[in-house]
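2 protein chains.
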Amino acid sequence: MTPQRPTMNDVARAAGVSLKTVSRVVNGETTVAPDLAAKVRAAVETLDYRPHLGASMLRRNDRRTRTIGVLLDDVSHPFSAAVHRAIEDQARARGIHVLTGSLDQDPARERDLAAAFAERQTDGLILAPTGADLDHLAFHVDMPVVFVDRLPTGATGDTVVSTNVSGAAGAVRHLIARGHRRIAYLGANLRLSTARERFLGYQRALGHRAGPAVHDLHDLTAAERATVAVLRGPSSATAIFAAHSMATIGAVRALRHLGRQHRIALVGFDDFPMADLLDPPITVVAQDPARLGRTAALSLFERIEGHTGPPREIRIPTTLIPRGSGEL
Amino acid sequence: MTPQRPTMNDVARAAGVSLKTVSRVVNGETTVAPDLAAKVRAAVETLDYRPHLGASMLRRNDRRTRTIGVLLDDVSHPFSAAVHRAIEDQARARGIHVLTGSLDQDPARERDLAAAFAERQTDGLILAPTGADLDHLAFHVDMPVVFVDRLPTGATGDTVVSTNVSGAAGAVRHLIARGHRRIAYLGANLRLSTARERFLGYQRALGHRAGPAVHDLHDLTAAERATVAVLRGPSSATAIFAAHSMATIGAVRALRHLGRQHRIALVGFDDFPMADLLDPPITVVAQDPARLGRTAALSLFERIEGHTGPPREIRIPTTLIPRGSGEL
DNA sequence: CTACTGCGAGACAACGTTGTCTCTCGATTT
DNA sequence: AAATCGAGAGACAACGTTGTCTCGCAGTAG
């Protein structure tokens, strides 16, 4: 019925040699007489033979699938997408393929997808942890894991993250230098290490003068509401530090809506598209998602190649980009 | 040395049953006595046994890897990322995993990655064609392929694309209705079906009055330069139709730089982040990338399930979103 | 002219799982 | 009470490939 793909046996028959000889030619072994090798290659060509990676994997000693898994928060978010792309580029250079998944901060999905990738025998995993306990990894996932963007809880491994504390502190000091004293904080759930670290940087920069803070902001409308709240509140902030891009964009929208975009200073953590074309252009602490991804990939490939040694924590520097909104 | 993962044999020994009984329990067959099944499940638990998908795949009759390949232009581009995410969501609902790759409009990469995915026995492929001849697909890729965003050349299959001609024509008519007569076109290489179709829509709407057109625009700076050129040229356009988001953003930047963003009308094809927050807000013909991805995924899964029948071409409608820049 | 060496090539087992066949044993039918 | 049946469980082969072993043969040494 269905025309089956040819196997090594078919090639062997067509070339008039033994199956094993075909295997040798396909694997580039040099111990085959040139004329036989030529016949085999011809047969491979005409039959359009392609090795069955599953079977080969099963028998081979090294057991490599040349595939890695990448689990990020949301592959359609610009930050995750940039990390993803950088990983893909590193993988491609090595002929390695990439299985992807979006976690949407859901620990169950994190657990399930990590386990599923392990079952599929991926050679390694790059994970942006949701913040939940990862003790299941040690049990179920027997491959190198590198964490990116967020610190893991309940597991150890190489970790590549931004300089969140100093980046956030720098942003806030930038506002302080402009004379602001009542600076509000908008950020995500503190379960996430990024939120914790950025909030810490905010607090360090302000000392006892820390202003109103709203956490747990994930979608745009929540961020917009929170912006209105911190401006209306008793402390009536004159400046806002938004600790992730969704919060920043929410703040931009709310300020615009209130007509106060030129009166309230705003610095966001994580750059976003078009930030420089808005009015005012938005000052941000830019992360380097491509470098995060690239570095994580390099770490992972080192581990896959057998590098051992204690887990490394690599910090990728952030850059303050003053554009106008933070200089009011 | 390396602690090997347990196999079915290990589980069988631990549970005191035969290997085949373990296989039956793992695969949820009902012909196993409850007490034996319980023993097996306990052993699976304590040994943390996970089936070897490669081996199972090799022997099974249906030969499904429950993995599909997705090849898009650039997973970090917002449009591709949204398509990707929609596909992933459909796949997840079916417990299917996704291998991704970015093609960057490179036919060689398209060919290599398609072949590599075929070797990996993916169950199907969703492809945004680069525009090059795809006759190699029929030869080397024996799985269902669904095309998304762009029409294939040299291959057939279900195809899910936007209503490019009518969308572009609508954009241009919108400008004509505002009194514009000299409307420039900025677009990508006409090798891409999207560029061809959008240019066709532009020409249809304008008839013999078509204005200056610049093709082959891919990066921002080229689009900026082209914008300056069509404004300075002999026909001195009063409006611009930008046929993809990179061209639109380039035009926005150039107009801003020239200080003419409130004098020259602009409509872009494909929405982009923050378009509504710019000054002026940018009028666009919005595509529905999520629906494109979802529809492509549904088509592919139907084909994987065995649906036969002639290739379908599905058009996803576009929506004109007037925001200001096109109403000057 | 026999014995040894080395290399090319095939035979065979094995990887971890599932499909098929067979066997046992208790229950039902006549 | 003998024959039949069915369900549960194991033995065995097979999936497509690679690792290992062996064999044959040409070339060389004694």
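First to last, the protein sequences are chains A and B. According to this note's numbering, the stretch in the first sequence is residues 778 to 1105, in order. According to this note's numbering, the stretch in the second sequence is residues 778 to 1105, in order. The C-beta atom is built at its ideal place from N, Cα and C for all residues, glycine as well.
- Contacts with chain B at 8 Å (Cβ-Cβ) include Ser879(A).
- Residue pairing by DSSP places Asp910(B) opposite Thr930(B) in a beta bridge.
- Taken through DSSP and simplified to helix, strand or coil, Glu1104(B) comes out as coil.
- If you look at Gly1045(B), you'll find it isn't in any alpha helix (DSSP H); it sits in the beta strand (DSSP E) that goes 1042-1046.
- Nearest to Val817(A) by alpha-carbon distance, out of Val803(A), Thr1095(A), Thr808(A), His829(A), is Val803(A).
- Pairing Pro1011(B) with Leu1105(B), the inter-Cα distance amounts to about 21 Å.
- When the beta-carbon positions are compared, Val860(A) and Leu1069(A) come within less than 8 Å of each other.
- Here Glu1082(A) carries a coil assignment [DSSP, helix/strand/coil].
- Using a CB distance cut-off of 8 Å, Gln898(A) counts as an interface residue toward chain B.
- The three-state reading of DSSP puts Gly988(A) in coil, since its state is none of H, G, I, E or B.
- Among the residues of the segment 909-926 of chain B, those with a Cβ less than 8 Å away from any Cβ of chain A are Phe916, His917, Asp919, in the order of the chain.
- Chain B places no beta carbon closer than 8 Å to that of Pro884(A), leaving this residue out of the contacts.
- Annotation: Ser795(B) to Arg837(A) spans about 26 Å, alpha carbon to alpha carbon.
- Interface criterion not met: the Cβ of His1084(A) is under 8 Å from no Cβ in chain B.
- Look at Ala893(A): its C-beta is under 8 Å from a C-beta on chain B.
- At least one C-beta of chain A is nearer than 8 Å to the C-beta of Glu865(B).
- Under a criterion of Cβ atoms nearer than 7 Å, no residue of chain A is adjacent to Met785(B); the nearest Cβ is some 14 Å distant.
- CA-CA distance, His985(B) to Leu977(B), rounds to 12 Å.
- Assignment of beta-bridge partners to Ser939(A) by DSSP yields Ile1093(A).
- Interface criterion met: the Cβ of Val875(B) is under 8 Å from a Cβ in chain A.
- Contact of Asp851(B) with chain A by beta-carbon distance below 8 Å involves Arg862.
- Counting only the Cα atoms, Leu928(A) lies some 23 Å from Asp866(A).
- Pairwise C-beta distances place the segment 1082-1097 of chain B out of contact with the segment 1009-1026 of chain B, as fewer than three of them are shorter than 8 Å.
- Among the CB atoms of chain B, none fall inside 8 Å of the CB of Gly931(A).
- Chain order gives the chain B residues near Ala858(A) as Val852, Ser853, Ala858, where near means a beta carbon separation below 7 Å.
- Listed by position along chain A, the residues whose Cβ is nearer than 8 Å to that of Arg1033(B) are Leu1054.
- Residue contact check for Val1029(B) against chain A: a CB pair falls below 8 Å.
- Non-local beta-carbon contacts of Ser939(B) in its own chain, meaning distances under 6 Å to residues more than five positions away in sequence, involve Gln1064, Ile1093, Thr1095 in chain order.
- When the Cα atoms are used, Ala1067(B) and Ala792(B) turn out to be separated by approximately 48 Å.
- Between the segment 805-814 of chain B and the segment 827-846 of chain B there are fewer than three inter-stretch CB-CB distances shorter than 8 Å, so the stretches are not counted as touching.
- In the DSSP assignment, Thr971(A) falls outside any beta strand (DSSP E) and within the unbroken alpha helix (DSSP H) covering 970-983.
- Identification of chain A residues near Gly831(B) by a Cβ-Cβ cut-off of 7 Å yields Gly831, Met834, Leu835, Gln898, ordered along the chain.
- At a beta-carbon threshold of 7 Å, the residues of chain B lying near Arg782(A) are Asp919, ordered along the chain.
- The beta carbon of Val937(B) is closer than 6 Å to those of Val925, Leu1069, Thr1072, Ala1073, Ile1091 in its chain, skipping five residues each way along the sequence.
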